[in-house]
Amino acid sequence: MDNNIKILAAGGDKRQLWCVRELNGTPGITARAAGFDTESVPPELIGLTQWRGEQYDCLLLSMNPFDGDGKVKFPCSGDRISEDELSDHLIPGGIVLSGGNERQTDVISPGSRVICYGDREELCLRNAVLTAEGAVQLALEELDEALWRMPVLVAGIGRIGTALIKILSGFGAKISAVVRNDKGAAKAEAAGAYPVGLSGSLSGYSLIFNTVPDMVFDSEVLRGVDKDTVIIDLASAPGGTDFTAAAGYGIRAVHAPGLPGRTAPVTAGKIIAGTVINILKEVRENE
495 MDNNIKILAA GGDKRQLWCV RELNGTPGIT ARAAGFDTES VPPELIGLTQ
545 WRGEQYDCLL LSMNPFDGDG KVKFPCSGDR ISEDELSDHL IPGGIVLSGG
595 NERQTDVISP GSRVICYGDR EELCLRNAVL TAEGAVQLAL EELDEALWRM
645 PVLVAGIGRI GTALIKILSG FGAKISAVVR NDKGAAKAEA AGAYPVGLSG
695 SLSGYSLIFN TVPDMVFDSE VLRGVDKDTV IIDLASAPGG TDFTAAAGYG
745 IRAVHAPGLP GRTAPVTAGK IIAGTVINIL KEVRENE
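Residues 495 to 781 (the working numbering) make up the sequence shown, in order.
Following this line, the structure appears as structure tokens:
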């Protein structure tokens, strides 16, 4: 790869714009963003959206780049850019960095090297903190009570669940965590939460967070949840909550995936940029 790398970030939300700005501040990198209408772009970043007429070494797709038909999503633009046009702006044998499914990404530029950055540990750990902060912000907007001394349940003791427990502890919440075995119980206790199972009653919790991407809060489980409980589901679509059943029980359930792009796009963009830089360094070292 050349010492001067040109990157085209295509599609995605405002995280991509701030990622491009961060990349442009890195010696040896020139980056541009495609798929943003002028009115959706902060004035100081308008120049970064002038992307046509250049060839790029790397095509950077968003964290959740594809729609249901396998096409690149452009949520910040009224016009759609075709995969063929994106491919035409990528040099032969260029790199495609995608936060999503690599198999779908192959459609964009056959012969390109495809790397998925969405599961990189450095990105996942930092994104977990942003997701947890955004989830607490959303909870404060949904609730009319303080988190201090509030009984809160967290489902999932992974990166996001652990970050949530840490932040909620700072508010003085009384935190329990859903676990399935002794290992899960140990992780919950180490994080500062009281381990509980789903077999018992979930009555008494004012707030429930779900981070598990499988169906956890189905109709049967929701039957034991108080009607005034707020559920915030952070799992990717379709989530881990039966939202239809929740509505039927009168429970307020909010599906909120992708919070970093909504609540902290500047920081999220910088995190993606740092991950991209790490990947490109590794590629160069292995050439």
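The beta carbon of each residue, even a glycine, is placed where N, CA and C say it ideally should be.
Using DSSP's beta-bridge definition, name the partner residues of residue i.
i           : result
residue 550 : 584
residue 523 : 499
residue 645 : 668
residue 735 : 711
residue 566 : 560
residue 555 : 504
residue 591 : 554 and 609
Just the Cα atoms here: how many angstroms apart are residue i and residue j?
i           : j           : result
residue 729 : residue 629 : 11 Å
residue 679 : residue 623 : 22 Å
residue 702 : residue 518 : 40 Å
residue 533 : residue 633 : 30 Å
residue 556 : residue 525 : 14 Å
residue 587 : residue 752 : 31 Å
residue 612 : residue 594 : 6 Å
residue 503 : residue 734 : 31 Å
residue 495 : residue 774 : For residue 495, the predicted structure reports a pLDDT of 49, less than 50, and the residue's modelled location is therefore unreliable. The matter cannot be settled from this model.
residue 508 : residue 682 : 34 Å
residue 491 : residue 688 : Given that the chain is displayed from residue 495 to residue 781, the structure contains no residue 491 and the question cannot be resolved.
residue 765 : residue 543 : 20 Å
residue 546 : residue 723 : 50 Å
residue 514 : residue 711 : 38 Å
residue 693 : residue 672 : 10 Å
residue 647 : residue 563 : 36 Å
residue 686 : residue 640 : 20 Å
residue 606 : residue 521 : 24 Å
Assuming residue i and residue j make a contact with CB atoms under 8 Å, what is their CB distance in whole Å?
i           : j           : result
residue 592 : residue 618 : Not confirmed; about 15 Å, so no contact.
residue 499 : residue 552 : 6 Å
residue 516 : residue 763 : 6 Å
residue 704 : residue 667 : At roughly 16 Å, the Cβ-Cβ gap does not stay under 8 Å, so residue 704 and residue 667 are not in contact.
residue 577 : residue 566 : 6 Å
Going by DSSP in three states, residue i sits in which element: helix, strand or coil?
i           : result
residue 509 : helix
residue 528 : strand
residue 780 : coil
residue 746 : strand
residue 770 : helix
residue 560 : strand
residue 504 : strand
residue 756 : helix
residue 515 : helix
residue 653 : helix
residue 574 : coil
residue 598 : helix
Minimum length 3: unbroken beta strand (DSSP E) runs contained in the stretch 614 to 640: none
Alpha helix (DSSP H) segments (min. 4 residues) lying fully within the stretch 655 to 732: 676 to 685 and 713 to 716
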